[in-house]
Amino acid sequence: MRFVLLTIVLLLSDLSFGQNYHQYVNPFIGTGGHGHTFPGATTPYGMVQLSPDTRIDGSWDGCSGYHYSDNLIYGFSHTHLNGTGVSDFGDIMLMPTMGDPSFDNKIYSSTFSHDNEKASAGFYSVKLDKNNIDVRLTASTRVGFHEYTFNKSGAVNIILDLNHRDKLLEGTMRIIDDQTIEVLRRSEAWAQNQYVYARIEFNTPMKFTKVKSNSVSKGEFYSGTELKACFSKMVKKGEKILVKVSLSPTSYEGAKLNSSEIKHWDFDKVKKETEALWNKELSKIEVTSDDKDKLAIFYTALYHTMMQPNIAQDLDGKYRGRDNEIHTAEGFDYYTVFSLWDTFRAAHPLYTLIDKKRTSDYINTFIKQFEQGGRLPVWELASNETDCMIGYHSVSVIADAMTKGIKGFDYEKAFEASKASAMRDVLGLKAYKENGFISIDDDHESVSKTVEYAYDDWCIAQMAQILNKKEDYEYFMKRSQNWKNIFDWETRFIRPKKNAGWDKPFDPREVNNNFTEGNAWQYTFFVPHDIPGMIEAYGGNDKFEAKLDEMFNAESKTTGREQVDVTGLIGQYAHGNEPSHHMAYLYNYIGKSEKTNEKVNYILDNFYTNKPDGLIGNEDCGQMSAWYVLSSMGIYSVTPGQLGYTKTTAYFEKLKVNFENKEQLSITKKGMNGYLKEVTAATKINNFEKIIQVPVIQAESKSFKDKLKIEILSQNQKDEIYYIFNSSSPEKPAWMKYSGPIEISQSEKISAYVKHNDENSNSVSAQFFKKPNNYTIAIKSKYNPQYHAGGNDGLLDGIYGNENWRKGEWQGFQNQNFECVIDMQKNQEISFISSNFLQDTRSWILMPTKVTYYTSEDTITFKKVGEVENSVDPKEYETVIKPFVLQFNSQKARYIKVVATNFGKLPEWHQGFPSNGDAFIFVDEIEIK
């Protein structure tokens, strides 16, 4: 009897983890709209993502290589990104064809119909209309498995195109025998130097029939920056050709070793094994529901969170490090694809809950990348740092793991790496450390960087506390309050500063270069580490609630730059992009859980559907789906790095979480029971010294003609303010006490600080320039409101813009020539005119084709004095500043006309060409002598 009972228990246990969860996954969710997902075959966290490519133009909605609105397949490649906003991957592309082989993708591509297309977890199939070829795809962790069924007899070809999608830096191919090929594809796209080695094996002998190579072509070896090959065979109707492609980031030997994952040619066996892998992972959260659509949405969301990060080491542990050397992982697995600006918010907190082993592996990967590359990853891709997005959010993942007691990595080394990343002097960090905030003058996206650095610093402080590093704890806790220095106590917004004062005009709905993919509404509530302090800054619970209500009830329309990421608007809340993801949960902190519940349920009901366009924004490597998974469970980690979760009502009738330690947690709409330790723990908040907010130095403008009035303001009327001029003298002694507005009549630098209860704020400085002349300017063109450089006088103020045009020092004109007339106020002899222009080709900013100068004494009759042709190559991708200088025989004039001819439509080679894009002209200082 005892044996029978034990058997039943074991069977029930096996059933719990052996249910067919993969059947609920719909890989087509997110392949339409702006989801940027792909439908192909992959394993959980696998190296291979074998999927069809329908887009090769680099367009934003084609980042994954596939879009549901397309009906043309170019081929099947082995690497893809899940929901990113930048294109890359698409490595080792194969395409079956019939007839005469061609390397022209317009010829070897084929139409298809969604009626003949299927996808499930670990499997994809489609019928290629051209030549009636049935394709089935599956994969193991490191091997892609193809099955091609030719429904007509004749000559068939398998095209290998190493120039597919990305720029090929180095391609090599070695013919091992008539069934085996070895390939290297070293390419450049988002990752600047990506290595993919592949071993391609056919189940039947193939004839090597054609090659295209622009370098070495010797016998069995071919190479070049252009490399394509064709392998052919005669087949009977219904005959199949099977292909296995194993990948390695290290070497041919690594690819050969990895090929041992599949030692046979049984396609269905591999498919079943892959489905079993998915069932094991998906069973970590069991959902009970009669709604098949909701089951599909939930399990596809969980599936999307498990498609990355991706294993990036061979079976023997070898991997390519950040130093481009080959290393061996010892005691951990090495991963890649860390979209940390997105995933630190919900995806990584989900991993710390249900996948502690991999969380430890991720952090060990971070540490190795720090050791090999000098800093923690920001947005790492194929052991390349893309430097995309902001912050040093690796520290959030590390702090969350340390706080929750996850072992398996060196806490001291992780802290060392975190501290080193925060102490650099790049990307605004120097100003942030010195002044307590980042200004527009210091770096672009200054608001977002300030608040995100502040949160990251809080994370480092939590690590320091765990490691009993008191000085580090106090230092980083102080830095974590820097958000206060850009909080405007009058408007109750976090907003940009320029020249130590508030940037004006200010529209909280405006999307501009002071924010990362957002506006003031979407960043004003990003203080996840100091929510009590944020509520206090807004004036208490009632005013904080009113501010949240105002955001959710505002008009669902932004101003300023069109930002494709800002979607899923509820008022100014934007669920389609990450900065908003925690906001609905903030009501919980003021005792208004019913409002959290209402907002969360609305988002779950309306922004996630069982359709190709079922995601309201980019999937962003699992972040969009992780929000759904956690919110469905009725929990959310508003503050990664802190114990516990904020709660709401579960979305499903019943969920069960199966933890790695064999414990279980049951969740219903009524509450939770079982293993509560993971979700009910609370962090003890220690006292810390609060900072004094820096003063605001306010003036009408940065430049002036005769005199300028300057005011210095503080949050509290009782504060004392002290200031000093850079040009101190007996009349202007050091650190004078401020008593009222100051008037200056020459160029000055002024510094100030606040004294509050015997504590001082950081000092801030503002620079004011007296204009070098009394010229005026009339601009005939209309500049983009985003790029105004302070207005018309910004072109004559003696302040020169630098290469970082996002700081707002340049005037930008799109789809038009630039034309202005300068009035020098009197006739005078001139012989020199110069105007500065900037080019940043990637950002659609190109040099004018020419600049023409005219003079006049009466503004009616203008005489052309010369023109300067552009000499900068539009394909130069480094940012370039060029003065268009004209020197001529001295002549008398009062008025100068400057006409810069716009480049026009972006050419076919430009990434903006598919969007029918128009070039910008960026101009700054104009000089006349």
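Letter by letter, the sequence shown follows residues 484 to 1412 of my numbering.
We put the beta carbon where it would ideally sit given N, CA and C, even for glycine.
Counting along the chain, where does the beta strand (DSSP E) carrying residue i start and finish?
i	result
residue 765	No beta strand (DSSP E) contains residue 765, which is instead part of the alpha helix (DSSP H) from 750-765.
residue 1377	1363-1384
residue 1338	1333-1339
residue 1049	Run containing residue 1049: none; DSSP gives neither H nor E here.
residue 1346	1346-1352
residue 725	722-731
residue 653	650-660
Rounded to the nearest angstrom, what separates residue i and residue j at their Cα positions?
i	j	result
residue 811	residue 893	17 Å
residue 1330	residue 1394	17 Å
residue 1026	residue 1041	23 Å
residue 1379	residue 1344	11 Å
residue 684	residue 799	21 Å
residue 552	residue 1185	50 Å
residue 695	residue 1370	52 Å
residue 803	residue 1276	52 Å
residue 789	residue 881	19 Å
residue 1063	residue 722	53 Å
residue 942	residue 959	8 Å
residue 1004	residue 1315	47 Å
residue 758	residue 1118	28 Å
residue 842	residue 1268	44 Å
residue 932	residue 873	6 Å
residue 501	residue 766	Because the pLDDT at residue 501 is just 47, under 50, the model does not fix this residue reliably, and the value given afterwards should be weighed accordingly. Cα-Cα distance, rounded: 8 Å.
residue 1290	residue 983	14 Å
residue 1404	residue 1357	12 Å
residue 939	residue 972	24 Å
residue 1389	residue 890	52 Å
residue 1400	residue 1039	26 Å
residue 1022	residue 974	12 Å
residue 770	residue 1112	11 Å
residue 1363	residue 1046	25 Å
What first and last residue would you give for the alpha helix (DSSP H) that runs through residue i?
i	result
residue 683	Not the alpha helix (DSSP H): residue 683 falls in the beta strand (DSSP E), residues 677-685.
residue 885	877-886
residue 634	It is not in any alpha helix (DSSP H) - residue 634 carries neither H nor E in the DSSP assignment.
residue 739	735-741
residue 1027	1024-1036
residue 590	588-591
residue 958	953-962
For residue i, name the three-state secondary structure that DSSP assigns.
i	result
residue 1160	helix
residue 831	helix
residue 787	helix
residue 1396	helix
residue 615	coil
residue 1072	helix
residue 458	No answer is possible for residue 458: the residues shown for the chain start at 484 and end at 1412.
residue 670	strand
residue 1303	strand
residue 530	coil
residue 822	strand
residue 862	strand
Could you check whether residue j and residue i sit closer than 8 Å to each other, using their CB atoms as the reference points?
i	j	result
residue 1320	residue 1383	yes
residue 582	residue 638	yes
residue 516	residue 566	no
residue 818	residue 845	yes
residue 716	residue 690	yes
residue 561	residue 531	yes
residue 1299	residue 1278	no
residue 1105	residue 787	yes
residue 520	residue 605	no
residue 1129	residue 1121	yes
residue 1335	residue 1350	yes
residue 901	residue 878	yes
With 8 Å set as the bound, which would you pick, yes or no: does the beta-carbon of residue i sit closer than that to a beta-carbon of chain B?
i	result
residue 591	Protein chains in the displayed structure number just one, and chain B is not present.
Which ranges does the alpha helix (DSSP H) cover as unbroken runs of at least 4 residues, wholly within the region 1117-1199, from first to last along the chain? 1160-1163
So within the region 984-1013, which uninterrupted alpha helix (DSSP H) runs reach at least 4 residues, ignoring any that extend past its ends? 1003-1006
In chain order, what are the residue ranges of uninterrupted alpha helix (DSSP H) at least 4 long that sit wholly in the region 866-940? 877-886, 894-905 and 912-918
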